[in-house]
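Read the structure below first, then the notes.
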Amino acid sequence: MLTEVTRQELWQIYVLMKALEDAKDTQDPSTLRVLIETHRLTWEQCPTWLLKERTVLMSLPKYMPIEAMVRKLGLMTFRQVFEGPDGEETLVSHEDIYKIMVHPFASL
163 MLTEVTRQEL WQIYVLMKAL EDAKDTQDPS TLRVLIETHR LTWEQCPTWL
213 LKERTVLMSL PKYMPIEAMV RKLGLMTFRQ VFEGPDGEET LVSHEDIYKI
263 MVHPFASL
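If you read the sequence shown in my numbering, its first letter stands for residue 163, the second for the next number, and so on.
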(Lines of atoms letter the chains of each structure in order from A and count residues from 1; the text may use other names and numbers.)
(Lines give C-alpha, C1' and ligand atoms only; values in the text may rest on other atoms or scores of the structure.)
Protein backbone atom coordinates (compact mmCIF):
# COMPACT_ATOMS: atom_id res chain seq x y z
CA MET A 1 0.00 0.00 0.00
CA LEU A 2 1.32 3.43 -0.89
CA THR A 3 1.82 5.97 1.83
CA GLU A 4 0.70 9.53 1.52
CA VAL A 5 3.39 11.82 0.17
CA THR A 6 3.74 15.11 1.98
CA ARG A 7 4.19 18.48 0.34
CA GLN A 8 7.71 18.67 1.73
CA GLU A 9 8.67 15.35 0.15
CA LEU A 10 7.21 16.46 -3.17
CA TRP A 11 9.16 19.69 -2.93
CA GLN A 12 12.41 17.80 -2.24
CA ILE A 13 11.78 15.60 -5.29
CA TYR A 14 11.09 18.68 -7.41
CA VAL A 15 14.29 20.40 -6.23
CA LEU A 16 16.37 17.31 -7.02
CA MET A 17 14.79 16.88 -10.45
CA LYS A 18 15.41 20.56 -11.20
CA ALA A 19 19.06 20.14 -10.16
CA LEU A 20 19.41 17.10 -12.45
CA GLU A 21 17.96 19.06 -15.37
CA ASP A 22 20.25 22.01 -14.64
CA ALA A 23 23.25 19.66 -14.47
CA LYS A 24 22.30 18.08 -17.77
CA ASP A 25 21.96 21.44 -19.51
CA THR A 26 24.99 23.24 -18.06
CA GLN A 27 28.18 23.88 -20.01
CA ASP A 28 30.03 25.51 -17.11
CA PRO A 29 32.17 23.34 -14.77
CA SER A 30 31.80 25.81 -11.89
CA THR A 31 28.01 25.65 -12.10
CA LEU A 32 28.11 21.86 -12.11
CA ARG A 33 30.43 21.87 -9.11
CA VAL A 34 27.94 23.97 -7.15
CA LEU A 35 25.13 21.59 -8.14
CA ILE A 36 27.19 18.56 -7.05
CA GLU A 37 28.01 20.07 -3.68
CA THR A 38 24.50 21.41 -3.06
CA HIS A 39 22.49 18.37 -4.17
CA ARG A 40 25.08 15.59 -3.72
CA LEU A 41 24.94 14.56 -7.36
CA THR A 42 26.81 11.42 -8.33
CA TRP A 43 29.18 10.61 -11.18
CA GLU A 44 26.38 9.15 -13.29
CA GLN A 45 24.24 12.28 -12.95
CA CYS A 46 26.89 14.58 -14.44
CA PRO A 47 27.29 15.31 -18.15
CA THR A 48 30.03 13.19 -19.70
CA TRP A 49 31.74 16.15 -21.36
CA LEU A 50 32.25 17.86 -17.99
CA LEU A 51 33.66 14.80 -16.22
CA LYS A 52 37.05 15.64 -17.72
CA GLU A 53 37.19 18.95 -15.87
CA ARG A 54 39.35 19.07 -12.75
CA THR A 55 36.94 21.36 -10.90
CA VAL A 56 34.10 18.88 -11.39
CA LEU A 57 36.25 15.90 -10.42
CA MET A 58 37.38 17.64 -7.23
CA SER A 59 33.82 17.89 -5.93
CA LEU A 60 32.78 14.28 -6.63
CA PRO A 61 34.89 12.26 -4.12
CA LYS A 62 33.15 13.75 -1.10
CA TYR A 63 29.98 11.81 -1.91
CA MET A 64 31.28 8.81 -3.87
CA PRO A 65 31.10 5.30 -2.45
CA ILE A 66 34.57 3.91 -1.82
CA GLU A 67 34.24 1.22 -4.52
CA ALA A 68 33.35 3.84 -7.13
CA MET A 69 36.28 5.96 -6.02
CA VAL A 70 38.67 3.04 -6.42
CA ARG A 71 37.37 2.48 -9.97
CA LYS A 72 37.84 6.18 -10.87
CA LEU A 73 41.12 6.66 -9.00
CA GLY A 74 43.26 6.42 -12.15
CA LEU A 75 41.34 9.16 -13.95
CA MET A 76 41.25 11.38 -10.88
CA THR A 77 44.99 10.97 -10.36
CA PHE A 78 45.63 11.71 -14.06
CA ARG A 79 43.55 14.91 -13.78
CA GLN A 80 45.53 15.87 -10.63
CA VAL A 81 42.49 15.98 -8.38
CA PHE A 82 44.57 15.08 -5.33
CA GLU A 83 47.38 17.57 -5.92
CA GLY A 84 48.00 20.43 -3.53
CA PRO A 85 47.68 20.90 0.21
CA ASP A 86 44.08 19.70 0.47
CA GLY A 87 44.49 16.76 -1.90
CA GLU A 88 44.37 14.07 0.75
CA GLU A 89 41.31 15.66 2.32
CA THR A 90 39.57 15.43 -1.06
CA LEU A 91 39.66 11.65 -0.76
CA VAL A 92 38.07 10.35 2.42
CA SER A 93 38.94 10.45 6.06
CA HIS A 94 40.63 7.54 7.82
CA GLU A 95 37.47 7.04 9.87
CA ASP A 96 35.40 6.63 6.70
CA ILE A 97 37.81 4.03 5.32
CA TYR A 98 37.72 2.10 8.60
CA LYS A 99 33.90 2.11 8.71
CA ILE A 100 33.36 1.01 5.11
CA MET A 101 34.96 -2.42 5.49
CA VAL A 102 35.53 -3.17 1.80
CA HIS A 103 36.92 -6.62 1.14
CA PRO A 104 40.15 -6.42 -0.92
CA PHE A 105 38.86 -8.97 -3.46
CA ALA A 106 35.79 -6.82 -4.11
CA SER A 107 37.96 -4.23 -5.85
CA LEU A 108 39.69 -6.69 -8.18
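For glycine and all other residues, C-beta sits at the position ideal for the given N, C-alpha and C.
Provide the residue span of the alpha helix (DSSP H) that contains residue i, from first to last.
| i | result |
| --- | --- |
| G236 | 228-240 |
| P189 | As written in the sequence, residue 189 is Gln, which differs from the Pro given in the question. Q189 -> no alpha helix (DSSP H), and no H or E assigned at all. |
| L347 | This structure cannot settle anything about residue 347, because the visible part of the chain is limited to 163 through 270. |
Short check: CB of residue i to CB of residue j, under 8 angstroms?
| i | j | result |
| --- | --- | --- |
| R216 | R241 | yes |
| D184 | L172 | no |
| W211 | K234 | no |
Using only alpha-carbon positions, find the residue among the options that is nearest to residue i.
| i | options | result |
| --- | --- | --- |
| K261 | P227, V218, P191 | P227 |
| T239 | Q170, T210, Q174, M220 | M220 |
| S192 | L237, R202, V218 | V218 |
| L178 | Q189, D190, T188, T200 | T200 |
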